[in-house]
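Peer 1:
Numbering (the UniProt record's numbering), first residue to last: 1 to 258.
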């Protein structure tokens with residue numbers, strides 16, 4: 001009958017279910033507890049492995065060759081010589097003494113590229129072509145400076161030859177940025193005085209060329225000239241205040257900020 005079939009099927013299902021003894025249940029519980037307690041240990045081990053990969057290829061300052069001995073105040077975390085350009089670029093994603101320098105300059109480069117693209121593509125009715133050209137000088141100077149610095153901090157550990165080359169390009173980029181930053185300032189401060197504007201641009205151009213020439217000198221990039229490098233570029237940057245002082249002297253402080 002149907003009722004007998006149901007009873008038989010239920011009894012079959014009951015017999016097919018595995019029977020766990022008290023000992024088996026204790027073993028299962030112990031395994032579960034062990035796996036729960038092992039999880040933090042495994043997570044710590046995995047975190048250590050990830051950290052090891054992130055900070056690999058770093059050595060102390062005392063283990064660097066002479067051409068990488070630039071800053072004795074940074075005791076550890078330096079990249080050793082990397083003869084592969086690919087390896088140098090891969091080190092961008094590792095932690096070392098140049099990580100912050102690389103990423104701040106790289107992100108700055110991308111930022112100014114986007115800003116320049118946005119500014120240049122504005123309709124002429126909003127931004128006149130003359131103003132676009134003037135501010136392109138600033139954007140170009142910023143992009144060149146930050147790009148040269150990014151390449152320098154990334155590749156200077158490749159070899160003595162590339163280290164010298166990109167050190168020089170880094171300093172040249174700073175000089176180009178200073179020139180590009182002063183051009184818009186002169187354009188607006190002496191908008192109606194073409195002669196004064198050209199005179200200041202000529203002097204700034206000559207000073208910039210002088211800084212670039214000095215930067216190409218091999219000895220100038222040596223660690224013992226660090227203070228002189230800073231003084232040179234600070235002096236060049238401060239020269240940008242001379243046109244501003246000239247403007248304030250002629251037209252007054254109130255007119256300069258209105």
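Note that CB positions come from ideal geometry on N, CA and C, so glycine has one too.
Is residue 100 helix, strand or coil by DSSP?
Peer 2: On the chain shown, position 100 is the one that residue 100 refers to. If DSSP states are grouped into helix, strand and coil, residue 100 belongs with the helices.
Peer 1: Helix, strand or coil: which one does DSSP assign to residue 78?
Peer 2: As a first step, residue 78 must be located in the chain shown, where it is residue number 78. Strand, per DSSP.
Peer 1: Could you tell me which of 117, 159, 150 and 116 sits nearest to residue 84, measuring between CA atoms?
Peer 2: Here residue 84 is taken as the residue at index 84 of the chain shown, counted from 1. Residue 159 is the option with its Cα nearest to residue 84.
Peer 1: Between which residues of its own chain and residue 223 is the CB-CB distance below 6 Å, once the five residues before and five after are set aside?
Peer 2: Within the chain shown, numbered from 1, the residue matching residue 223 stands at position 223. So the qualifying residues of the chain are 70.
Peer 1: Does the beta-carbon of residue 125 have 16 or more other beta-carbons within 10 angstroms, so that it is buried, or is it exposed?
Peer 2: Numbered from its first residue, the chain shown carries residue 125 at position 125. Counting the other CB atoms within 10 Å of its CB gives residue 125 a total below 16, which places it among the exposed residues.
Peer 1: Just to check my reading of the structure: residue 247 and residue 189 have Cβ atoms closer than 8 Å, yes? What is that Cβ distance to the nearest angstrom?
Peer 2: For this step, residue 247 is matched to residue 247 along the chain shown. For this step, residue 189 is matched to residue 189 along the chain shown. 5 Å between Cβ atoms; contact.
Peer 1: For residue 200, count neighbouring C-beta atoms within 10 Å of its own C-beta (all shown protein chains included) and say buried if the count is 16 or more, exposed if not.
Peer 2: By one-based count along the chain shown, residue 200 stands at place 200. Looking at its Cβ environment, which holds 16 or more other Cβ atoms inside 10 Å, residue 200 is buried.
Peer 1: Going by Cα to Cα distance, which pick from 135, 204 and 227 is closest to residue 242?
Peer 2: Along the chain shown, one-based indexing puts residue 242 at 242. When only C-alpha atoms are compared, the closest one is 204.
Peer 1: Is the distance from the Cβ of residue 120 to the Cβ of residue 131 below 8 Å?
Peer 2: As a first step, residue 120 is located in the chain shown; it is residue number 120 there, counting from the start. As a first step, residue 131 is located in the chain shown; it is residue number 131 there, counting from the start. No. Outside cutoff.
Peer 1: I believe residue 181 touches residue 138 by the beta-carbon criterion, under 8 Å. Please report the beta-carbon distance rounded to the nearest angstrom.
Peer 2: For this step, residue 181 is matched to residue 181 along the chain shown. For this step, residue 138 is matched to residue 138 along the chain shown. Going by Cβ atoms, the distance from residue 181 to residue 138 rounds to 6 Å, so yes, they are a contact pair.
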